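**Q** Provided herewith is a single structure, encoded as C-alpha cells, for subsequent inquiry.
There are 2 protein chains.
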Amino acid sequence: MARPRQALLTRQRIVEAASAMIDAEGLAALSMRRLATELGVQGPSLYNHFATKAEIVDAVAESVVAQVDVDVFTGADWRDGLRLWAKSYHAVLTAHPNIVPVLATGPGRRPAGLAMAEAVYGALIDAGWSRARATHIGALMRYLITGSALGSFALGFAADPELYARYPHLHRAHELAAHHDEVDEGAFALGLDLLITSLSDRYDQGVRR
Amino acid sequence: MARPRQALLTRQRIVEAASAMIDAEGLAALSMRRLATELGVQGPSLYNHFATKAEIVDAVAESVVAQVDVDVFTGADWRDGLRLWAKSYHAVLTAHPNIVPVLATGPGRRPAGLAMAEAVYGALIDAGWSRARATHIGALMRYLITGSALGSFALGFAADPELYARYPHLHRAHELAAHHDEVDEGAFALGLDLLITSLSDRYDQGVRR
DNA sequence: GCGTTAAAACTTACGCCGCTAGTTTATGCC
DNA sequence: GGCATAAACTAGCGGCGTAAGTTTTAACGC
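If you read the protein sequences in the order shown, they are chains A and B.
Number 86 in the working numbering belongs to position 86 of the first sequence; there are no gaps in the numbering.
To convert, take the position in the second sequence, counting from 1, and add 1000; that gives the working numbering.
Here is the structure:
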C-alpha cells in the first residue's frame, strides 16, 4: 500500500490509541510497532505524524492534563477553587495512573500545564498570597496530587499474612489490599483537608507570605 | 576467560554500579550491557547474580530506602518522630530522584519498606491514633515525600521568558529555575509544617480517628 | 589426592525495540 | 498536465533483555 485516498492516521487517533494502551498495559508496554498494529498500519508510518516516540507520550500527557477542570477558580473563594481543582486533578490522574511519571517532567513545558499553573497561581495571587507563598502552595498541591497518583499505597502491600510475621504492628497489613479504595482516597482526602484548613487559618490570621 | 580465581562480580558491586548509573544518567540509561561494561565484564555474566534486570533495579530501590533513618521514632514524641523521619526520607530521595518512580510500586514488598512502615505506623498507633487514621497519615506523608521527589517543580519551567507571554500571572515564571532550591525545599517544608501542625491540633483536641 | 559438582565467567543467538533511508503512489496546487 | 508533497510501504541498523550452551576454576565429599 502507498498513500491511501483517506489518511489512515491522524495525530488524534494516534494519541487516543497510545493513551488507551498506556492505561491498559502501562508505559513500558507501549511500542511503536504495537501501537501501529493497533491502528492497522506498519510501525514506521507513525513517523509521518510524530518525530519520536517521546513526542507521542508527551502528547498523551498533554491530553490527560487538559482534562483537569481549571474553570473552578473563576468567581470562587480561593479555598473552594483549590479544593475543587485538586479533586478534579486527582480524579484525572487516578483514571490514568500510568502516565503520572511522565507528568513529573516539565509541568511548565506543556500548554495544558501552563494554563493550569496560570489558573492556580493567579487565584492565589488574587486572593492576596505573596508571590513566593503562592508558588509554594501550587508546588505543594502538586506534590500531594502526583504523589497520591503515582501508585496505590494500599495495593503496595502483599495479601499474604506470612510476610508480616516479623513486624508486630503490621499483622493486619495483608488486609490493606482489600480496602485500597478507602485507604488511598481517605489519605488523599485527609491531606487535602489538612492542607487547606491550615492554610485557611494562616490566611485568616493575616499570615500571607 | 572462564571462571576467575576471584569472582569479578558480587551482588553488592552490581547494585552500587547500577545505583551510580541511575543517579548519573537516569533509569532509562541503565542497560545490562552498559552496566556490565562498567564492571569490566560481558553482559550476560550479570545473570549469574541476578535473575532479571528488574531484580537489579529493585535491589537499588531497596538500598536507597534502607538509607532512611527510622530510629528517630524511638523515645520521641510522634510529631518530632514524624518530622525527622520525613526530612530524612526527603533528603534520601532528593539525592536519588531517578529511582523514585520505582519506589512507588510496592512499598510493602521490599524489606526496608516494611521496616519503615512498621516504624511509622507503630509510632502513630502507640501515640493513640486509630488504626485507620494511622494508615491514612502514613500514606499521606508518603504522598508528600514521593510527590516532592518525583521531579523538581521549579525546574519544570523553561527559562525562556517568551513562553509565558500569553499567561499574565506567569510573567516571572522564567526566574523559577534559577531559584529552584528555595522553591522546591520551601514547598516541601511548608507542606510538612502544615500537615504536622494541623494533625497536632486535631490530636490535642482529642480527635484521633 | 581425586572425582564430582557447582559457580562464574564466556560466546552465540533470538526476538523485540526506536528509528533511518529509500520507495511507491495518491493528493492538491499551478 | 506537471509537480511537489503527503502518507503509506519495505528493508535494515544498532541496541535491548535474556536464553542456551561452553569453559575453566573453586569447593567439597570420599
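The beta carbon of each residue, even a glycine, is placed where N, CA and C say it ideally should be.
Keep in mind that this is a model prediction, so the values were computed, not measured.
From this set, 121(A), 81(A), 180(A) and 3(A), which residue's C-alpha is nearest residue 196(A)'s C-alpha?
**A** As a working note, residue 196(A) is residue 196 in the first sequence. Measuring from the Cα of residue 196(A), the nearest candidate turns out to be 81(A).
**Q** Using only alpha-carbon positions, find the residue among 1030(B), 1139(B), 1043(B) and 1057(B) that is nearest to residue 1009(B).
**A** Residue 1009(B) sits at position 9 when you count from the first residue of the second sequence. It is 1043(B).
**Q** Anyone know if the C-beta pair for residue 1144(B) and residue 143(A) falls short of 8 Å?
**A** Mapped onto the second sequence, residue 1144(B) falls at position 144. Mapped onto the first sequence, residue 143(A) falls at position 143. Yes; because the gap between Cβ atoms is below 8 Å, this pair is in contact.
**Q** In chain order, what residues of the region 157–173 of chain A put their CB closer than 9 Å to some CB of chain B?
**A** So the list reads 157, 158, 163, 164, 166, 167, 168, 169, 170, 172 and 173, given in the order they occur along the chain.
**Q** According to DSSP, is residue 40(A) helix, strand or coil?
**A** Here the question's residue 40(A) lines up with position 40 in the first sequence. The answer is coil: DSSP assigns residue 40(A) none of H, G, I, E or B.
**Q** Please confirm whether any heavy atom of the ligand SAM lies closer than 7 Å to the CB of residue 1163(B).
**A** Inclusion of the ligand SAM in the displayed structure is not the case, the ligand content being empty and no account of it being possible.
**Q** 8 Å is my cut-off, CB to CB: does residue 1026(B) come that close to chain A?
**A** As a working mapping, residue 1026(B) is identified with position 26 in the second sequence. Closer than 8 Å: no.
**Q** Once DSSP output is grouped into helix, strand and coil, what is the label at residue 1113(B)?
**A** Locating residue 1113(B) in the second sequence gives position 113, where the first residue counts as 1. Here residue 1113(B) sits in helix by DSSP.
**Q** Is there a Cβ of chain B sitting closer than 8 Å to that of residue 109(A), yes or no?
**A** Translated into positions along the first sequence, residue 109(A) becomes position 109. True, the Cβ-Cβ gap to chain B drops below 8 Å.
**Q** Excluding the 5 residues flanking residue 1083(B) on each side, which residues of the same chain have their C-beta closer than 8 Å to its C-beta?
**A** One-based indexing of the second sequence puts residue 1083(B) at position 83. Excluding positions up to five away in sequence, the list reads 1192 and 1196.
**Q** Could you say which of 1130(B), 1171(B), 1206(B) and 1053(B) lies nearest to residue 1011(B) if we only look at CA atoms?
**A** Counting from 1 along the second sequence, the entry for residue 1011(B) is found at position 11. Cα-wise, what sits closest to residue 1011(B) is 1053(B).
**Q** Using DSSP bridges, identify the partner residues of residue 1157(B).
**A** Sequence index remark: in the second sequence, residue 1157(B) carries index 157 (1-based). Partner(s): 108(A).
**Q** According to DSSP, simplified to helix, strand and coil, what is residue 1074(B)?
**A** What you label residue 1074(B) is simply residue 74 of the second sequence in a count that begins at 1. Of the three classes helix, strand and coil, the one that applies to residue 1074(B) here is coil, per DSSP.
**Q** Out of 1061(B), 1146(B), 1003(B) and 1141(B), point me to the one whose CA is closest to residue 1112(B)'s CA.
**A** As a working note, residue 1112(B) is residue 112 in the second sequence. Nearest C-alpha to residue 1112(B): 1061(B).
**Q** Answer with yes or no whether the minimum CB distance from residue 1083(B) to chain A is below 8 Å.
**A** Here residue 1083(B) is taken as the residue at index 83 of the second sequence, counted from 1. By this cut-off, residue 1083(B) is not an interface position.
**Q** Determine, using beta-carbon pairs with one atom in the region 1144–1162 of chain B and one in the region 143–160 of chain A, whether at least three such pairs fall under 8 Å.
**A** Touching, yes.
**Q** Can you tell me the Cβ-Cβ gap for residue 118(A) and residue 1169(B), rounded? I've got them flagged as a contact below 8 Å.
**A** As a working mapping, residue 118(A) is identified with position 118 in the first sequence. As a working mapping, residue 1169(B) is identified with position 169 in the second sequence. Indeed they touch by this definition, with Cβ atoms about 5 Å apart.
**Q** Which first and last residues belong to the alpha helix (DSSP H) in which residue 1097(B) is found?
**A** For the purposes of this step, residue 1097(B) is identified with residue 97 of the second sequence, where counting begins at 1. Looking at the DSSP string, residue 1097(B) is not in any alpha helix (DSSP H), and its letter there is neither H nor E.
**Q** Under a Cβ-count criterion, where at least 16 other Cβ atoms within 10 Å of its own Cβ denotes burial, should residue 1110(B) be classed as buried or exposed?
**A** Start at 1 with the first residue of the second sequence, and residue 1110(B) comes out as number 110. So residue 1110(B) ends up on the buried side.
**Q** Around the C-beta of residue 1096(B), are 16 or more other C-beta atoms found within 10 angstroms, so that it is buried, or is it exposed?
**A** In the second sequence, the residue the question calls residue 1096(B) occupies position 96. It counts as buried.
**Q** Spell out whether any CB of chain B is found under 8 Å from the CB atom of residue 153(A).
**A** To locate residue 153(A), count along the first sequence from 1; it is residue 153. Yes, its Cβ sits closer than 8 Å to a Cβ of chain B.
**Q** My understanding is that residue 186(A) touches residue 1136(B), with C-beta atoms under 8 Å, so please give their C-beta distance in whole angstroms.
**A** Position 186 of the first sequence, counted from the first residue, corresponds to residue 186(A). Position 136 of the second sequence, counted from the first residue, corresponds to residue 1136(B). Yes, residue 186(A) and residue 1136(B) are in contact; Cβ-Cβ is about 5 Å, under 8 Å.
**Q** Write down the C-beta distance between residue 1157(B) and residue 1173(B) rounded to the nearest angstrom, noting that I regard them as a contact closer than 8 Å.
**A** Translated into positions along the second sequence, residue 1157(B) becomes position 157. Translated into positions along the second sequence, residue 1173(B) becomes position 173. Yes, they are in contact, since the Cβ atoms of residue 1157(B) and residue 1173(B) sit about 5 Å apart, within 8 Å.
**Q** At which residues does the alpha helix (DSSP H) containing residue 186(A) begin and terminate?
**A** Here the question's residue 186(A) lines up with position 186 in the first sequence. Note, residue 186(A): alpha helix (DSSP H), 180–204.
**Q** Measure from the alpha carbon of residue 1163(B) to the alpha carbon of each residue in 204(A), 202(A), 133(A) and 108(A), then state which is nearest.
**A** Here residue 1163(B) refers to the residue found at position 163 of the second sequence. If we check each option's Cα against that of residue 1163(B), 108(A) comes out closest.
**Q** Straight-line CA distance for residue 22(A) to residue 1093(B)?
**A** Residue 22(A) sits at position 22 when you count from the first residue of the first sequence. Residue 1093(B) sits at position 93 when you count from the first residue of the second sequence. In a straight line, the C-alpha of residue 22(A) is about 26 Å away from that of residue 1093(B).
**Q** Given that a residue counts as buried once 16 or more other Cβ atoms are within 10 Å of its Cβ, and exposed if not, what is residue 1047(B)?
**A** Within the second sequence, residue 1047(B) is the residue found at index 47, counting from 1. Flag for residue 1047(B) reads exposed.
**Q** If you count every other CB in all the chains shown that lies within 10 Å of the CB of residue 1(A), and 16 or more means buried, which is it?
**A** In the first sequence, residue 1(A) corresponds to position 1, counting from 1. Answer is exposed; the Cβ neighbour count stays below 16.
**Q** Would you say residue 1044(B) lies against chain A (beta-carbon separation less than 8 Å)?
**A** For the purposes of this step, residue 1044(B) is taken as the residue at position 44 of the second sequence. No, residue 1044(B) does not count as interfacial toward chain A.
**Q** One question on the structure: do residue 100(A) and residue 1139(B) come within less than 8 Å of each other, judged by their Cβ atoms?
**A** For the purposes of this step, residue 100(A) is taken as residue 100 along the first sequence, with counting starting at 1. For the purposes of this step, residue 1139(B) is taken as residue 139 along the second sequence, with counting starting at 1. Not in contact: residue 100(A) and residue 1139(B) (Cβ atoms no closer than 8 Å).
**Q** Could you tell me which chain A residues have their CB closer than 7 Å to the CB of residue 1148(B), listed as they occur along the chain?
**A** If you number the second sequence from 1, residue 1148(B) lands on position 148. Those within 7 Å of residue 1148(B) in chain A are 143.
**Q** Given a cut-off of 8 Å on the beta-carbon distance, is the pair residue 124(A) and residue 85(A) in contact?
**A** For the purposes of this step, residue 124(A) is identified with residue 124 of the first sequence, where counting begins at 1. For the purposes of this step, residue 85(A) is identified with residue 85 of the first sequence, where counting begins at 1. Taking 8 Å as the Cβ cut-off, residue 124(A) and residue 85(A) do not qualify as a contacting pair.
**Q** Spatial neighbours of residue 1059(B) within its chain, please: CB distance less than 6 Å, with the 5 preceding and 5 following residues excluded, ordered by chain position.
**A** Translated into positions along the second sequence, residue 1059(B) becomes position 59. 1015.
**Q** Quick one: give me the first and last residue of the alpha helix (DSSP H) that residue 62(A) is part of.
**A** Residue mapping note: residue 62(A) aligns to position 62 of the first sequence, counting from 1. Element bounds for residue 62(A): 53–65.
**Q** Nearest chain B C-beta to residue 243(A) closer than 8 Å, yes or no?
**A** Shown here, chain A extends from 1 to 209; a query on residue 243(A) therefore has no answer.
**Q** Consider the Cβ of residue 1197(B): report whether some Cβ of chain A lies at a distance smaller than 8 Å.
**A** Residue numbering aside, residue 1197(B) sits at position 197 when the second sequence is read from its first letter. Yes, because at least one Cβ of chain A sits closer than 8 Å to the Cβ of residue 1197(B).
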